[in-house]
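**Student:** I'd like to ask some things about the structure below.
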Amino acid sequence: MDLGITPKVKPLIEAVRKMIEEDIRPQEDCYFDEVGKCGNRFEYSPKMTEIMEALKKKAKSRNLWNFWLTNSEKGYGLTTVEYAYLAEEMGKSRLAPEIFNCSAPDTGNMEVLEKYSKETHKEKWLKPLLDGQIRSAYLMTEPQVASSDATNMALSAKKSGKNYILNGEKWWSSGAGDPRCKLYIVMAKTGKDDEQRHKKHSMFLVSSNTPGIEVLRAMTVYGHDDAPHGHMHIKFKNVEVPQENLLLGEGRGFEISQGRLGPGRIHHCMRAIGSAEVALQMLCQRALSRVAFGKPLAQLGANYDIIAECRMEIEQARLLCLKAAWMMDKGDPKAAAPWISQIKVVAPKVALKVVDEAIQVFGGQGISQDTPLAASWTYLRTLRLADGPDAVHRRQVARAELKKFSNSRV
Ligand SMILES: Cc1cc2nc3c(=O)[nH]c(=O)nc-3n(C[C@H](O)[C@H](O)[C@H](O)COP(=O)(O)OP(=O)(O)OC[C@H]3O[C@@H](n4cnc5c(N)ncnc54)[C@H](O)[C@@H]3O)c2cc1C
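Taking the numbering used here, the leading residue of the sequence shown gets 303, the next gets one more, and so forth.
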């Protein structure tokens with residue numbers, strides 16, 4: 303098992319790191335300060351567009367674009383392990399994933415389009431997504447049902463002539479607040495209640511401007527609306543979707559969602575490791591430079607232990623993520639699944655702890671707008687719910703373990 307940095311990905315990591323430090327980070331505050339300046343928080347001010355587009359153009363011109371298409375001849379042809387190192391780098395900045403066209407939920411959605419959609423759909427949505435011209439959202443979670451069990455989804459899709467008619471509600475649709483979001487990939491119920499649990503749901507491509515779609519509100523995360531990306535609550539009322547927008551066929555929604563979420567979770571987890579690295583660096587610099595009771599903070603209380611624990615836990619989490627990525631690369635998603643569940647619990651928890659310790663060392667400033675730590679903590683806390691809550695992933699890990707000792711379903 304080789305989990306190291308390959309000669310192929312090394313120069314890419316260096317180029318991404320350099321561009322984040324020299325070009326992206328210096329613009330971040332200015333970009334986020336602009337949110338809402340044009341009156342609507344889900345619109346781009348001219349300055350925001352200028353910053354975003356100039357940086358994307360620069361990334362493209364340096365050929366630092368669309369790294370995420372792993373184990374494919376298209377794009378860079380990187381392995382998941384190689385991509386994982388890039389995801390860690392991109393996780394060090396809030397803007398970077400989009401600048402390199404590697405941000406969620408677009409990467410997962412592009413994979414779905416690439417694998418399962420027709421040529422006409424590729425032309426309409428995949429091409430502009432690959433080019434960074436539009437954005438997309440993935441609509442699974444619903445307000446009325448426990449969505450950690452995706453077989454509960456109730457938004458209905460009923461066949462009517464050449465269309466399906468969609469009715470119901472979705473929420474926490476990340477990215478749907480963005481005015482550039484043109485595509486929703488929607489999980490809907492097409493089967494009857496008494497059908498097999500995993501054969502009742504289907505996946506549809508839906509234009510975000512289809513009549514009958516109403517964005518009800520932006521959900522807030524600890525009081526923040528995460529504009530202009532947003533996590534939207536959306537209502538579907540008699541929304542007509544052409545039959546050809548059904549992916550793969552009726553009842554095959556789970557096949558698609560399982561394939562989509564595996565790589566996405568690795569990306570999320572490695573970005574979390576990246577944000578933990580930034581926090582630990584900030585913690586150490588602060589602990590050395592600020593003095594209380596006649597000593598640098600580093601030398602007070604249990605701060606040596608805290609720093610050491612943070613370093614050790616980051617290293618453990620990174621290795622586990624790389625092992626999960628390596629399992630993905632072996633080409634058996636079923637075998638990789640429990641490993642992905644392990645990292646989905648471990649990486650956000652470790653990153654959250656490290657960021658929390660950094661906040662503590664920063665004192666009041668740590669929770670303020672003056673450092674990226676508060677935003678980072680908030681984001682990492684949500685990651686313990688998004689893409690499956692911890693408990694659901696623990697269940698997967700435990701079931702894989704018990705299965706080793708039992709022939710019946712556990
Ligand atoms: C910031 C953010 C962004 C998101 N983005 C998206 C998105 O883009 N698209 C999308 O479709 N969804 C998105 N989600 C939704 C997310 O995936 C769901 O919130 C998650 O799947 C849990 O569903 P639920 O909220 O209905 O919680 P529920 O299903 O009601 O679960 C609540 C709690 O019940 C407990 N529980 C559930 N199952 C078990 C179990 N097996 N064992 C023990 N305890 C259990 C856990 O404590 C769990 O946290 C996002 C969520 C957040 C917070």
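Where is the CB? At the ideal position from N, CA and C, for every residue including glycine.
Within its chain, find whatever has a CB closer than 8 Å to the CB of glycine 551; leave out the 5 residues flanking it on each side and keep chain order.
**Tutor:** Correct list, in chain order: Ser504.
**Student:** For a test of the three-state rule: what should DSSP assign to glutamate 416, helix, strand or coil?
**Tutor:** helix
**Student:** Taking the alpha-carbon positions, what's the proline 691 to alanine 398 distance?
**Tutor:** 26 Å
**Student:** Going along the chain, which unbroken runs of the beta strand (DSSP E) with 3 or more residues stay wholly within the segment 475-550?
**Tutor:** Runs of the beta strand (DSSP E) inside the segment 475-550: 483-491, 503-509, 515-520, 533-544.
**Student:** Suppose you measure from the CA of cysteine 623 to the CA of isoleucine 315; what does that come to, to the nearest Å?
**Tutor:** 17 Å
**Student:** Between which two residues does the beta strand (DSSP E) containing leucine 654 stretch?
**Tutor:** Membership of leucine 654 in any beta strand (DSSP E) is not indicated; the residue belongs instead to the alpha helix (DSSP H) covering 635-664.
**Student:** Looking at leucine 441: is its Cβ nearer than 7 Å to the Cβ of serine 475?
**Tutor:** yes
**Student:** Should the segment 674-685 be regarded as contacting the segment 576-588, the criterion being three or more beta carbon pairs within less than 8 Å?
**Tutor:** Three or more beta-carbon pairs separated by less than 8 Å link the segment 674-685 to the segment 576-588, which places the two stretches in contact.
**Student:** Between lysine 310 and glutamate 384, how many whole angstroms is the CB-CB distance? I'm expecting something under 8 Å.
**Tutor:** 7 Å
**Student:** For glycine 470, which residues does DSSP report across the bridge?
**Tutor:** Phe538
**Student:** One question on the structure: do alanine 490 and leucine 468 come within less than 7 Å of each other, judged by their Cβ atoms?
**Tutor:** With a cutoff of 7 Å on beta-carbon distance, alanine 490 and leucine 468 are scored as near each other.
**Student:** Our contact map puts serine 438 next to asparagine 411 with C-beta atoms below 8 Å; I'd like the distance itself, whole angstroms only.
**Tutor:** 4 Å
**Student:** Using DSSP with H/G/I as helix, E/B as strand and the rest coil, what is asparagine 365?
**Tutor:** coil
**Student:** Any idea which residues DSSP pairs proline 598 with across the strands?
**Tutor:** According to DSSP, which records beta bridges pairwise, proline 598 is partnered with Val593.
**Student:** Nearest by alpha-carbon distance to glutamate 413: which of Thr512, Phe369, Glu391, Asn454 is it?
**Tutor:** Phe369
**Student:** When you compare only the Cα positions, how much space is there between proline 635 and lysine 429?
**Tutor:** 27 Å
**Student:** If you compare alpha carbons, which of Lys426, Thr382, Val337, Cys340 is closest to proline 565?
**Tutor:** Thr382
**Student:** Leaving out five residues on either side along the sequence, give the residues of the same chain with a beta carbon under 6 Å from the beta carbon of threonine 684.
**Tutor:** For threonine 684, where only same-chain residues beyond five positions count, the Cβ hits under 6 Å are Val523.
**Student:** If contacts are defined as beta-carbon pairs under 8 Å, then lysine 484 and serine 509 qualify, I think. What distance do you get, rounded to the angstrom?
**Tutor:** 7 Å
**Student:** Could you tell me which of Leu621, Ile669, Thr308, Phe506 sits nearest to glutamate 546, measuring between CA atoms?
**Tutor:** The shortest C-alpha separation from glutamate 546 is found at Phe506.
**Student:** Rounded to whole angstroms, what's the CA-CA distance from proline 544 to tyrosine 466? Just pull it up for me.
**Tutor:** Approximately 6 Å, taken between the alpha carbons.
**Student:** Within this structure, are the beta carbons of alanine 600 and alanine 610 separated by less than 7 Å?
**Tutor:** No, they are not a contact pair.
**Student:** Should the segment 648-655 be regarded as contacting the segment 699-709, the criterion being three or more beta carbon pairs within less than 8 Å?
**Tutor:** no
**Student:** Determine, using beta carbons only, whether glycine 393 and serine 577 come nearer to each other than 7 Å.
**Tutor:** With a cutoff of 7 Å on beta-carbon distance, glycine 393 and serine 577 are scored as near each other.
**Student:** Can you tell me whether lysine 460 is helix, strand or coil according to DSSP?
**Tutor:** In the three-state reduction of the DSSP assignment, lysine 460 falls in the strand class, which pools E and B.
**Student:** Heavy atom of ligand 1 less than 6 Å from the Cβ of serine 476, yes or no?
**Tutor:** yes
**Student:** Tell me the DSSP bridge mates of asparagine 342?
**Tutor:** Answer is none; asparagine 342 lacks a bridge partner.
**Student:** Check whether the Cβ of tyrosine 333 lies closer than 6 Å to any heavy atom of ligand 1, and answer yes or no.
**Tutor:** no
**Student:** Does DSSP put leucine 380 in a helix, a strand or coil?
**Tutor:** In the structure shown, leucine 380 sits in coil (DSSP, three-state: anything other than H, G, I, E or B).
**Student:** Any heavy atom of ligand 1 closer than 6 Å to the beta-carbon of tyrosine 440?
**Tutor:** yes
**Student:** Using the beta-carbon count (16 or more within 10 Å), is threonine 351 buried or exposed?
**Tutor:** Counting Cβ neighbours within 10 Å, threonine 351 comes out exposed, since fewer than 16 surround it.
**Student:** Using DSSP with H/G/I as helix, E/B as strand and the rest coil, what is alanine 677?
**Tutor:** helix
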